[in-house]
Amino acid sequence: MLTFAEYLLRGTLAGAVYALLAAPMSMLFATVRTIDFAIGGYALAAAAVAASIDGPQGLVLALATAAACAGLMALIFVALKRFGCDDGIVYALASFGLATAIASVVLWSWGAKSFVRDSNAVFWSIGGIRVAQQGLFNLGVATAVVVALHLVLQHTSLGRMMRASAVNAVGASLAAVPVQAIQTGVYIVGGLLGGLAGLLVLYSAGLDFSAPLGLTLSGFGAAILFGIGSPVRCLFGGIAMGIAQAMASGYFSEAVSAMTPFLFIMVVLSVGRSGAEALAGGRP
Amino acid sequence: MSLVRARPNTFLVILCMLIALPIATRNPVSTDSAALLGIYSLLALSVGLSYGQAGVLTMSQGAFASLGGYAAAIATTKFGVPPFLDLLPAVALPALVAYAVARLVTRLPPLATALLTLSIGSVIAIAIRSAEGITGGYMGLAGIPGLGPIRTPPAYAWLAWAMVAFTVLLYENLVCSAYGRALNVLRHDHARATADGVDPPSLISAAFAISAAIAGAAGWLYAHYISFISPESLDTHLSITALLMAVIGGAEFVLGPILGALVLDSLTRLLPAAELQGFYYGAVLIAILLLARRGLLGLVQAAFARLRTTGDAATETAVTLSAEGSRP
Amino acid sequence: MRGWTRDFFVALAAISLATPALAEDGPVRIGAVLSLSGPAAVFGIPERDAIQAVVAHFDSTTKAGRKFEISYYDDKSNPTDAVRAVTQVASADKVVAIIGPSTGSGILAAGPVAQRLTIPLIGPAGTLAITDPKNEFYPWIFRAAPSDASDVGAILQDIAKNKVTKLGIFYQEDAYGKTGVDLAREVGPKLGVEIVETASSPYTATDLTAQATKLRNAGAQAVFLQVSIAALGSSFVKAARQVGLDVPTYANAGLAQRSFAENVGPELNGLRVLSIGNLPYDPTPGEAELAKMLEAAGKKPQGWGELTGVNALMAALGAIDAQKGKEITGQSMRDTLETLCDFEKYSRGKVCYSAKDHDGWHEDSLVVTEVHDKQLRTIK
C-alpha cells in the first residue's frame, strides 16, 4: 500500500511540470484558438541560459530569453495574420518551425551537453516517503500559476477580453478590445511560463537539446486531457499524466509503461466529451 | 485527349516521370533521391487525402508506413512470401488498424485529431519495437529481399513513381466521384452532408483507412528498397515531415503533396548541414508559411486567378472545386 | 493555360534531381558520414572534431607521405539519411573508404549500398549486428570501437568483483539500452550476478523517481546504468538519491562523457563508469597527443567519441599506407583492412582485423573509471 501511495505522490510531483507547460497552452488556446509548439523550446532556452550563468541574474536572463523567443513567435503570428492567414493549424506549424530552430541554435551554441543544476539536497518525509524539497516547490509553483491564470481569465476584465478575442475577434475589436495586443501578450506570457517550466526541470531532472518536442507534447497532452479551455483543468491533467506515468513505470513492463501516457490520452479523447468539444467547437 | 482533360494530374505526373526519370537514373545519387522522393510523395499524398479531403489532421502516417514496411519485411523474411504478394498485408494491415481507430477520430476537431493520431502512431511504434521475436525489436530487420525483377536502384525509382502515378489516378478518381463530392460537402458542412444522406463517420473512416493503405504501400516500397527497417526508419519525425510536405505544397490540391515533398526534400539537402540545419529548416518553413499559407500550389492558383479573366470560372473541374474551400 | 505553369514548376523541380557527378583525380578521398544532429550527435560531433583536428595537424598527409582528402556528411542519427549520405559520398565524391555512419542502424541500412558500390565502411559503433557474419554485406563493414558485448562484459566483471549479487538496471528505451539489458541478463548469471529488476525511460523523461523507486523496492545491491544520454544519467542518479536508493552505481561507457561527470554532485564520488580510454581526464601518452591536437583546434575533449572517430580514420590511413605505390580503390581498401594489424593509432589496446574478425577492437581498449570531483579517474 505504501508503494502505491509512493508512486501516487511521485507522479503528482512529476505532473506539476506538465501542468506548468500546459497552462500557457490552454491560455493561448483560449485566446487565439491555436497551440504553441515552441513551448518546449522556450523551456530549453531558459534552462540553457540559466545553466550557463550563475546566480539570480542567470535566472532573470533565462526568463528574458524565453520571453524573447516567444516574442519572436508573436511577431510571426502577427505577420501571418497580416498576410491574411486565419488558420490555427498554420500558426501551430509555424511554432513547430520555431521550436526546431531554437533547439538547433542551442545545439550549435552549447553542444550536446546536458543542463542540470542541483537544488539544495533537502529531503522531507511525507508519511514515510522521502521527497525532495524541489518536487514540492514545483507543485507549489504550478498550482500558484494555474490559480493566478484562472483568476485572471475568469474574474478580471482582461480575462474577459482574452476570451472575447477567441470567440469572436471581429466583434471584440469592434468593442474596443485590443485583440492583437492581447494575443501577442498571451504568447509572451506563454514564453515566460515555458521558461519557468524549463527552470524547474533544470533543477529537477535536467534536460538537453533534444528535449523541446517531448516537453511540448507532454504539455499538450496535459492541456487537452480534461478540457483545454481552463487552466485549472491543466493542473489536473498534468497531475493525472504524471501519476499514470509513475504507476506504469513502477508496475508494468517497458512496453506497457511506454504506451501508458498515449493510451491514457487516447481513452480520454475518445470517451470524454468535455475535452473534445472545448477544442475549437467541434465540426460544423 | 479527353482522358487527359479528365485526369490532368495523373497525366502531368506521368509526363514529368517520363522526362525526368531517364535523366535522374543516370547517376546513383539522383537515382537514390528519385526513389526516396517517390516514397515520400506517397506518404505526403496519404496526408493530402486524409487532411486535404477528409479534414483529418493526421500525424500517424509514419507509423502506418512502418506497419506496412514491417508487414512486408516479416512476410518475406520470416514466412517466405513471394515479393509482390507481400504488398497485400502491407496495405491491408494499416488500413484495418486505421479503420478501427477511425471511429475515435471522426468526431474530433483538427487539433484533437492531431494529438490522437500522434498517440496512435506512438502506440503502434512501441508495439512494433516490443514484439522483439517477430520484428527484431529495436534493431529491426535486415536482409529484406528485393522485388523479383526489381533489384537495382533505377528500377526502384521507376516503380516508386509508377506507384505515385497510380495513386494520383486513384486520388483523382475519388475526387471526381460521388464519394469525393460527398467528402467535399462533409468538410464544409456536417449537417448538410447528413441531410444529403451520407454517413459522416463511415465516410471519414474510409478515407482515413485509404490514406493509411497508401502509407502502408510507401512503407512496403521503403522496406524493399533499403532492405533494412528499424523503429527509427519510419517514425514520428517522418509523420510530421509528411504533414509539412502536404501543407507546404497545398494539402487541398491533388499534386500539392508531391510538390511539397520535392521542395522540402530539396531544402533539407541544400541547407547547410550539421548543428544549424534545424535553424535554417525552421526559418524556411516559417517563410513558406508566411508567403504561401494555402501551400505553394495555392500561391500559383492565386497568381493565375489574378491574371485570368473572369470567364473561366464556370468551367472548373471537380479537382479545383475541392481546392476551393478553406479548412474549418 | 494554368496546367502548363504547374507543369513547368513540377518538371523544373524534378529535373533539379538529375545532376550528373563529375570525376576528379588527385589525393586519396575518404568520406566521413557522422551524426552531426539528432540524439547521436553527442558522439558524432566529437568524432568529427577529432578527425578534423588530426587531419589539420598532419596537413592531410599520411605517415608515408600520401595526400588525402575528407568530405563530411551528416547522417542525422537516422538510417534513411545514413543511406543517402553514404550513397552520395560513395558515388559523387568517389571515396575509397567511409568513416561511419555513427549509428548501428545507419550502418545496417547503408551496408547494402556499401556492398553495391564496393566501398568499405569503418563504423565507430558498438552495435553487435553490424559485424554479424550472416549479413550479406559483412565483408564491407569494419568496426572502430569495442562492441556492446565487450562493454557489458567488462563492467559486469567489475560489478561481480565487488561482490554484488543482486543488480538493478536502469536503461534508456532504445537499441543501446535494450541490448545492454539483454546482454547483462545473459552474462550476469555466469558471473554470479542476478538481475533482480530493470526500469526504463524514454530519452526525454522529466522525472525518474518512479523508476528509482522500482529498483529500490526490488532490493538491488547496486545499480547499473545502460544509458548514453548524459541528461538521463544525471536525472537518474539525482532521483536515486532522492528516493533513498543509496547503493553503489555503475555505468556503461555511454555515460563516459564530460557532460555527465560535470553534472554529478560530490555525494556521487565513487560512481564507476566504464570508458573507452580516458581522453579528457587521464590520457595515455597517445591519447595526450590527440588531446593536444584537439586543443590546437580549439576543442575540448568530451569523452571517447573523439577516440573512436580517430580510430576509424587511423585504420583508413593505415590501410592507405599499406598500399604504398599501388592504385587505391574501394575493393583494395577493403582487402587491405582485413590484413591490418597493430596499426598506428592514439587509443590503447591492440587492434587487428582479419577475414573472420571485422571487430578488431576488444576489452583491452576499455578502462574502468571512477567519478571524483567531477572528473573520471582511471581505476585500472
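Chains as they are written, first to last, in our numbering: chain A, 5 to 288; chain B, 921 to 1248; chain C, 2 to 381. By construction, the Cβ of each residue, glycine as well, lies at the ideal position given by its N, Cα and C atoms. Predicted model, so just to flag it, every value in this text is computed and none were measured.
{"Item": "Min CB distance C:P203 to chain A below 8 Å", "Value": "yes"}
{"Item": "Inter-residue CB distance, B:V949 and C:A93 (contact presumed, cutoff 8 Å)", "Value": "5 Å"}
{"Item": "Nearest neighbour of B:R927, chosen from B:L1163, B:A1085, B:V976 [CA to CA]", "Value": "B:A1085"}
{"Item": "Close-in-space but distant-in-sequence residues of the same chain around A:G175 (CB under 8 Å, 5 per side omitted)", "Value": "A168"}
{"Item": "Buried versus exposed call for A:V64 [16 or more other C-beta atoms within 10 Å across all chains shown]", "Value": "exposed"}
{"Item": "Contact list for B:F1086 against chain D, beta-carbon separation under 9 Å", "Value": "Absent from the structure is chain D; the protein chains it does hold are A, B and C."}
{"Item": "Neighbour list for A:Y11 in chain C, Cβ cutoff strictly below 8 Å", "Value": "A211, T214"}
{"Item": "Contacts of B:P948 in chain C (Cβ-Cβ under 9 Å)", "Value": "A22, T88, Q89, A91, S92, A93, V114, R117, L118"}
{"Item": "Distance cut-off 7 Å: B:P1192 Cβ against heavy atoms of the ligand MG", "Value": "Absent from the structure shown: the ligand MG. Ligands present: none."}
{"Item": "Contact residues within the segment 162-188 of chain C, judged by C-beta distance below 7 Å to chain A", "Value": "E174"}
{"Item": "Three-way DSSP call (helix, strand, coil) for C:A98 in this model", "Value": "strand"}
{"Item": "Near-chain C residues of the segment 1061-1077 of chain B (beta-carbon distance less than 9 Å), N- to C-terminal order", "Value": "A1062, G1063, T1072, P1073"}
{"Item": "Residue-level contact to chain B via CB, A:S177, 8 Å cutoff", "Value": "no"}
{"Item": "Exposed unless 16 or more other CB atoms sit within 10 angstroms - verdict on A:R37", "Value": "buried"}
{"Item": "Simplified DSSP state of B:D952, which is helix, strand or coil", "Value": "helix"}
{"Item": "Below-8 Å beta-carbon distance, C:L377 vs any chain A residue", "Value": "no"}
{"Item": "Under 7 Å by beta carbon: chain A residues contacting C:P40", "Value": "S214"}
{"Item": "Minimum length 4: unbroken alpha helix (DSSP H) runs contained in the segment 151-215 of chain A", "Value": "161-171, 173-178, 183-207"}
{"Item": "4 or more residues per run - each alpha helix (DSSP H) lying fully within the segment 62-113 of chain A", "Value": "none"}
{"Item": "Meets three-Cβ-pair contact criterion under 8 Å: the segment 1062-1069 of chain B and the segment 932-945 of chain B", "Value": "no"}
{"Item": "Beta strand (DSSP E) segments (min. 3 residues) lying fully within the segment 212-258 of chain C", "Value": "223-227, 250-252"}
{"Item": "Any chain C beta carbon closer than 8 Å to B:M1059", "Value": "yes"}
{"Item": "Where A:F240 meets chain C, residues with beta-carbon distance less than 8 Å", "Value": "None at all; the shortest Cβ gap to chain C is about 17 Å."}
{"Item": "Inter-residue Cα distance where the pair is A:A71 and A:A42", "Value": "12 Å"}
{"Item": "Assigned exposure category for C:K162 - 16 Cβ within 10 Å defines buried", "Value": "exposed"}
{"Item": "Chain B within 8 Å of A:D58, Cβ atoms only", "Value": "no"}
{"Item": "Between the CA atoms of C:A42 and C:E25 - distance to the nearest angstrom", "Value": "Because the pLDDT at C:E25 is just 34, under 50, the model does not fix this residue reliably, and the value given afterwards should be weighed accordingly. Going by the C-alpha atoms only, they are around 31 Å apart."}
{"Item": "Residue range of the beta strand (DSSP E) that includes C:Q173", "Value": "167-173"}
{"Item": "Any chain A beta carbon closer than 8 Å to C:I46", "Value": "yes"}
{"Item": "Inter-residue spacing [alpha-carbon to alpha-carbon] between A:G202 and C:A200", "Value": "25 Å"}
{"Item": "Continuous alpha helix (DSSP H) assignments of at least 4 residues falling wholly in the segment 233-272 of chain A", "Value": "235-255"}
{"Item": "Contact residues within the segment 262-278 of chain C, judged by C-beta distance below 7 Å to chain A", "Value": "N264, G266"}
{"Item": "Cα-Cα separation between B:A1115 and B:M937, rounded to whole angstroms", "Value": "43 Å"}
{"Item": "DSSP state of C:W362 mapped onto helix, strand, coil", "Value": "coil"}
{"Item": "C:T250 versus B:D1185 - alpha carbon distance", "Value": "45 Å"}
{"Item": "Bounding residues of the alpha helix (DSSP H) (the contiguous stretch that carries C:G299)", "Value": "It is not in any alpha helix (DSSP H) - C:G299 carries neither H nor E in the DSSP assignment."}
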